[in-house]
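Final position of the sequence shown in this note's numbering is 510; the numbers increase by one with none missing.
Just so you know, even glycine gets a beta-carbon here, dropped at the ideal spot from N, CA and C.
Here the structure is a predicted model, which means the values were calculated and not measured.
Okay, structure first, notes after.
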Amino acid sequence: MKPHPVELELFRQILVSIADEMGTVLRKTAFSSNIKERRDYSCAVYDHNGETIAMGDHMPVHLGAMPLSVAEAIRAFRLEPGDIVLVNDPFRGGTHLPDITAVSGVFLRSRTPEFYVASRAHHSDVGGMSPGSMPLANEIFQEGIRIPPVRIQRRGKLDRPLLELILANVRTPVEREGDLKAQFLSLERGAARLKALAARSKIAALRRQIAALQDYSERMMRAELARIPAGVYRFEDFLDGGIAVRVAITIVGGRAKVDFTGSDPQSDAPVNANYAIALSAAMYVFRCLIREDVPYTAGLLKPIEVIAPLGSVVNAREPAAMAAGNVETSQRITDVLLGALAQAVPDRIPAASSGTMSNVSFGGVDPSTGRRFAYYETIAGGMGASVTGPGQDGVHTHMTNSWNTPVEAFEQLYPVRIRQYSLRRGSGGAGRNRGGDGIVREFEFLSPVEFTLLADRRDRAPYGLEGGKPGQCGAAFLNGKPLAGRCRLQLRPGDRVRIETPGGGGWGTA
């Protein structure tokens, strides 16, 4: 017997509230500003097979990729009550090394998990050749500690030697331990809420509701795909340095095949993505096509096949450097998917947004405390315009959903002053509807630091659509002199770095 629609919607909202509450616990108990202020984390709930049944309102690039981490945890261990598995290895279910995923099972009345819960957090430093662990690396060994699926907690007891091994490889061990334990607490909260839910229902009834929820998502996606004209839609765009990302989307019979064949081979630069990132971007883009508030479950991907050739920049082989794949290449994958779909449903697709997360990381020793610090943030840009109106100014778009670090918190925590934080007026592309403006963020450093910038959209601007003009490219400056979009600097007290992020593309002929 199928659940009543009202009953199913209530069940769905309960599951989503559990994922959201997990995120709240993580944020409020974490140590780092990257989690407490920027909210660079995600939490989700999975069924007994490890398939997604609910996600928090968190980071799209995390959420679509996390099921692969859950699958690797399940494959590596027969989980018991109180077990927690950690993983960040991009070649074993992770995306890039700063994103550490914690997974645990939720046990009800059997020796196998009835649910799984997972949290992923971007840690401000996981070692490697540069503070912040977003270096200009050539291979993954330079990017930080690499964690295959490991059981960090067994039957409720923390494996302290294993934790010490991880902490010995990072610059800020106290902060890392605090953030990891915050992730563990988020899993405990999710498990407690799921057990309370199960206490009010029979397992068979829960499984019927879960299956109905996933089936509903699948039917919604198939119906949306059926409304798109059948055909093959192609698009290409480029990362800086001329690295091509190409896609062909085939729509037929309520199904979609997303084929990245023809994308450039993996790079010596740290811009390589893996299959999890390609899958995550595809899930995000096709979910955006559905106007209704569809449940974000594994059912969404059932009618979608994603092909990402192994050895390409969208599915790199070991030991490729991966730091920017999660943050920059994910954005370009999104841009090419939207560019292809704009040919099929032009009134549904916006022009390109900023197309870069403008990653800033730095670290050093705080002269007031004598302690090492490491910081990471992404800087917002302009949103692409659409048929419905202009793009928003100064907002994180597509695969990122993080906040900014408020100036007050930033200057209290680090030996840095923010000299300017404003909109970059006029950087959005012209058109009937104008693209959103980017951001200007200028740092003045009060102590020596090592600084890394990983940004894109310096060579090719965010595209406009339907006659709209492109947004302005991004730019960066050190004491007024231009910087490359990817650079590593040794800065002295008084040095200023100014970041200008791209504007969004315009839509329609003005």
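Tell me which residue opens and which closes the beta strand (DSSP E) that residue i is part of.
i: C43; result: Y41 to Y46
i: M55; result: T52 to M55
i: C487; result: R486 to L491
i: L239; result: G231 to L239
i: V247; result: I243 to V252
i: V378; result: Looking at the sequence itself, residue 378 is Thr, so the reference to Val does not match. Unbroken beta strand (DSSP E) run through T378: R372 to T378.
i: I349; result: I349 -> no beta strand (DSSP E), and no H or E assigned at all.
i: L300; result: Here L300 belongs to no beta strand (DSSP E), and DSSP marks it neither H nor E.
i: L86; result: I84 to V87
Under the three-state reduction of DSSP, which class applies to residue i: helix, strand or coil?
i: P173; result: helix
i: K2; result: coil
i: A199; result: coil
i: R193; result: helix
i: D259; result: strand
i: A273; result: coil
i: I228; result: coil
i: G381; result: strand
i: S312; result: strand
i: S386; result: strand
i: P482; result: strand
i: P90; result: helix
What residue range does the alpha helix (DSSP H) around residue i cover?
i: L338; result: S330 to A344
i: I290; result: That residue, I290, is in no alpha helix (DSSP H); it is neither H nor E in DSSP.
i: I35; result: S33 to K36
i: V61; result: P60 to L63
Considering only residues of the same chain and omitting the five flanking positions on each side of residue i, which have a CB-CB separation below 7 Å?
i: F141; result: P319
i: L413; result: S33
i: I14; result: L197
i: D47; result: I53, F115 and I210
i: Q331; result: G355, T356, M357, H398 and M399
i: D495; result: F445, L478 and N479
Output needed for residue i: all residues of its chain with C-beta closer than 6 Å, excluding positions within five of it in sequence on either side, in chain order.
i: G465; result: Correcting the residue type first, residue 465 is Leu in the shown sequence and not Gly. Closer than 6 Å at Cβ, skipping near neighbours: A342, A351 and W507.
i: T126; result: Here residue 126 is Val; the residue named in the question, Thr, does not match the sequence. Taken in chain order, the residues that qualify are L97, P98, S133, G144, I145 and V170.
i: G93; result: L68, S69, E72 and V87
i: T397; result: S353 and M383
i: P3; result: Q209 and A212
i: Y376; result: N34, S124, G132 and S361
i: F11; result: Q209
i: R498; result: E442 and F477
i: V25; result: L185, S186 and R189
i: T95; result: A65, A276, I277 and N326
Going by DSSP, which residues form a beta bridge with residue i?
i: V70; result: For V70, which the question treats as bridged, DSSP gives no partner whatsoever.
i: S361; result: Y376 and T452
i: R498; result: E442 and F477
i: A541; result: The displayed coordinates of the chain run from 1 to 510. Any statement about residue 541 would go beyond what the structure contains.
i: I307; result: D259
i: P265; result: S312
Can you give me the Cβ contacts of residue i inside the same chain, cut-off strictly under 8 Å, excluding the 5 residues immediately before and after it?
i: V336; result: F235, E236, D237, V245, R246 and V247
*asked:* Please give me, in chain order, every unbroken run of the beta strand (DSSP E) with length at least 3 that falls completely inside the region 390 to 469.
replied: 416 to 424, 438 to 445 and 449 to 454
*Complete beta strand (DSSP E) runs within the region 98 to 174 (minimum length 3 residues, chain order)*: Complete beta strand (DSSP E) runs here, min 3: 99 to 106, 115 to 122 and 150 to 154.
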